[in-house]
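Here the structure comes first, spelled out in structure tokens, and everything after it is commentary.
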Amino acid sequence: MDEKNTLEMSERPYRDAPGYNLLTQRLLAEGYTAENYPYYVNLPEHSRFSAGDGLDNFYGGFAYQRWYAYEQTFQTPCGLWCKGLQCQTGLQYEGVSWTFENDLALIICPYEKAECRLKHEILQSTGQIALQRKCNVHMVEDEYQYENSVEHILKLYDDEILRKKISFRLQKHNRVCEKHMYFNKETQEWEMRYDPGDCARIRCTGYCPVLGRELDKKKGNVFYDVREFGRDYSLDGTLFEGQRFTVVKKGKHVFERTVSMDICKRYVQLCKNDLVQFVKLNQYHDKLFFAKWYGRDYSVEITNIRAAQREGRDLLQDLEDIRAGITVVHESDVQKRASEEKKERRKSAREKKIRKLEGKILETGYGSLEPHSLDRVHADKWLGMERIRELEEMREKKQLEEKNSPIQLSLFGLMD
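If you use my numbering, the sequence shown corresponds to residues 8 to 423, in order.
Printed below as a string of structure tokens:
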């Protein structure tokens with residue numbers, strides 16, 4: 008396809024009249040109606056805007072049957088062939104419906120060119136990153152040619168990427184890992200971005216191609232301490248105004264679960280700076296931001312980053328810190344306390360539910376509970392048959408006492 012015809016195709020109008028798409032305009036011009044239309048289109052009645060003939064709908068009239076559109080041949084402005092199954096349709100942008108019905112379906116450019124003067128003028132000037140590498144296609148009646156198609160270009164591109172991948176592995180003597188290999192589309196080269204944190208998150212075990220050996224079966228974690236210090240502004244206006252504070256939180260861990268010690272050691276070697284930035288940004292960002300904003304004396308330090316099988320405690324160092332007025336907090340103690348509090352809350356909530364369930368049985372009886380109901384299941388699980396029998400006996404005794412108790416008569420009741 009020459010450049011002149013290509014430019015004419017990209018500049019032709021995409022709407023000749025408001026309301027109807029190009030497909031509907033063509034079919035109406037050929038004499039078709041909302042009651043009589045070709046087999047390869049349908050009339051989406053579920054999206055009607057009015058109770059008229061059905062053409063006033065969200066799609067602008069008739070719509071292609073998807074199976075038909077997917078089987079048709081399309082062509083890009085630069086002359087590449089593609090099938091409808093590879094195209095994207097339904098986008099609304101800059102007042103244009105980029106659809107099969109308007110002969111303006113989209114496809115991702117196999118060359119990934121952001122700047123191309125052959126495609127539609129709106130796509131040339133768009134500031135949307137998602138649209139910069141997309142191109143408009145139009146339906147043609149010619150036979151599909153694989154040798155000059157988008158599919159063939161992508162196949163050649165994938166083959167080239169695979170060839171470069173094999174070459175990259177040979178250069179590194181196979182000391183590379185698939186999980187850390189990335190293809191840089193800017194440089195068109197493979198890169199190795201080794202991050203032990205990713206290995207820890209997916210809990211890698213067995214042979215490590217990067218280290219060239221089996222991972223250590225001993226498991227551990229990466230621990231670190233957080234040191235907060237500054238001026239205690241809560242004491243302003245008191246006798247202790249200007250007093251400083253220091254809080255050390257020890258034994259905080261990086262990974263949720265233990266992993267191979269080899270991964271932990273590599274993380275300490277390669278990711279210390281990333282850990283410091285991550286902790287400050289995610290856990291202390293607000294405090295550091297407002298301290299800087301209001302000019303307050305407050306700082307955070309991440310120290311003692313180490314790989315270990317378990318949290319170690321230096322009691323002598325803790326005692327020295329306490330004598331120096333430093334508040335020492337161990338993360339394991341905090342987690343243990345939180346776990347115990349959570350356990351107590353659950354126990355208290357369960358006891359409350361049991362008391363409520365026992366009261367219900369005393370009032371209406373165990374037989375009133377519907378089979379397979381939640382109350383019935385909880386009664387069987389929490390109370391047991393022995394306790395249920397006790398409650399039933401208490402209920403019968405209470406009913407008997409109420410039945411045998413004297414009835415107090417009212418004088419006014421006798422006068423009625």
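The beta carbon of each residue, even a glycine, is placed where N, CA and C say it ideally should be.
Quiz prompt | Three-state secondary structure (DSSP) of H379 | solution = coil
Quiz item: What residue ranges within the stretch 112-165 form continuous alpha helix (DSSP H) runs of no fewer than 4 residues, ordered along the chain?
Solution: 128-132 and 136-139
Quiz item: Which residue from Q93, N181 and K410 puts its Cα closest to that of C2?
Solution: Only positions 8 to 423 of the chain appear in the structure, and residue 2 is not among them; the question remains open.
Self-check item: Sequence-distant residues of its chain with Cβ nearer than 7 Å to E101 (five each side left out)
Solution: I129
Quiz item: For the ligand PLP, is there a heavy atom less than 7 Å away from the beta-carbon of V48?
Solution: Of ligands this structure carries none, so the ligand PLP is not represented either.
Quiz item: Under a Cβ-count criterion, where at least 16 other Cβ atoms within 10 Å of its own Cβ denotes burial, should N411 be classed as buried or exposed?
Solution: exposed
Exercise. Ignore the nearest five residues each way along the sequence and tell me which others in E119's own chain have a CB closer than 6 Å to its CB.
Key: R140
Quiz item: What is the rounded straight-line gap between the Cα of G258 and the Cα of W300?
Solution: 30 Å
Exercise. Tell me where the beta strand (DSSP E) around N228 begins and ends.
Key: K226 to R238
Self-check item: Distance between beta carbons of K256 and V229, contact taken as under 8 Å
Solution: Contact flag wrong, Cβ pair sits at about 15 Å.
Practice problem: Can you say whether T106 is buried or exposed, counting buried as having 16 or more other CB atoms within 10 angstroms of its CB? | Solution: buried
Quiz item: DSSP beta-bridge partners for L98?
Solution: W105
Quiz item: Do L125 and C85 have their C-beta atoms closer together than 8 Å?
Solution: yes
Quiz prompt | N- and C-terminal bounds of the alpha helix (DSSP H) containing V286 | solution = K279 to Q290
Quiz prompt | Reduced DSSP category for K404 - H, G, I as helix; E, B as strand; rest coil | solution = helix
Quiz item: Between L323 and E235, what straight-line distance do the alpha-carbon atoms span, to the nearest angstrom?
Solution: 21 Å
Quiz item: Out of E408, Q152 and F65, which has the shortest C-alpha to C-alpha gap to W88?
Solution: Q152
Quiz item: Looking at the unbroken alpha helix (DSSP H) that takes in C206, where does it start and where does it end?
Solution: P203 to R208
Quiz prompt | Candidates I270, I209, F175 and K179: closest to W197 by CA position | solution = F175
Self-check item: Cβ neighbours of E308 in the same chain (closer than 7 Å, five flanking residues each side left out)
Solution: R234
Quiz item: Which whole-angstrom value describes the C-beta separation of K272 and A314, a residue pair presumed to lie in contact below a C-beta threshold of 8 Å?
Solution: 5 Å
Quiz prompt | L376 to P413 span [Cα, whole Å] | solution = 31 Å
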